[in-house]
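Quick note: the sequence shown, position 61, residue 61 per UniProt numbering, numbers continuous. From the three backbone atoms N, C-alpha and C, an ideal C-beta is built for every residue, glycine too. Scroll down for the structure; my scribbles are underneath it.
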Amino acid sequence: MKLDLTALEKQALTFTPSRILAIIAVMMLICLLILAAVDDDAGNQLYVLLLLFPIAICALLLDVFLRILFLKDIKYKVIYIWVIEIVAMVIGIRAFLRA
């Protein structure tokens with residue numbers, strides 16, 4: 001049974017860690033906006049909303065930057081993108097928590 005590696009690579013490039021993080025951040029934003037509309041006492045949710053916007057935007061900017069960086073056909077492009085995004089997110093989260 002042969003595996004179609006190009007299809008697996010396309011799936012791995014479609015669902016990169018930064019896109020998954022951005023999708024989760026947008027879903028959380030939508031849920032918090034719904035909760036803020038329903039509940040009048042939503043003062044703390046505003047701070048969470050203000051933190052989630054930069055997370056989603058930075059995750060998508062990281063993904064776009066890496067895709068521009070790896071425009072050429074590189075042998076292990078998918079692995080490089082996944083590893084760089086995971087390392088950048090770990091470093092970014094640590095820097096964010098220290099600030």
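Query                                                                                                                                                                        : Result
Sorted by chain position, which residues of the same chain lie with C-beta nearer than 8 Å to residue 78's C-beta, five sequence neighbours on each side aside?              : 9, 12, 13
What are the uninterrupted segments assigned as alpha helix (DSSP H) that are 4 or more residues long and contained completely in the region 26 to 81, given in chain order? : 43 to 69
State yes or no: is the C-beta of residue 56 within less than 9 Å of the C-beta of residue 32?                                                                               : no
Buried or exposed for residue 86, please, with buried defined as at least 16 other CB atoms from any protein chain shown within 10 angstroms of its CB.                      : exposed
When you compare each of 45, 36, 60, 68 to residue 17 by their alpha carbons, which one comes out closest?                                                                   : 60
With burial defined as no fewer than 16 other Cβ atoms inside 10 Å of the residue's Cβ, what is the status of residue 81: buried or exposed?                                 : buried
Going by beta-carbon coordinates alone, are residue 52 and residue 28 separated by less than 9 Å?                                                                            : yes
Assuming residue 36 contacts residue 45 (C-beta within less than 8 Å), just tell me the rounded distance between them.                                                       : 5 Å
Please name the residue, chosen from 62, 95, 93, that lies closest to residue 84 on a Cα-to-Cα basis.                                                                        : 62
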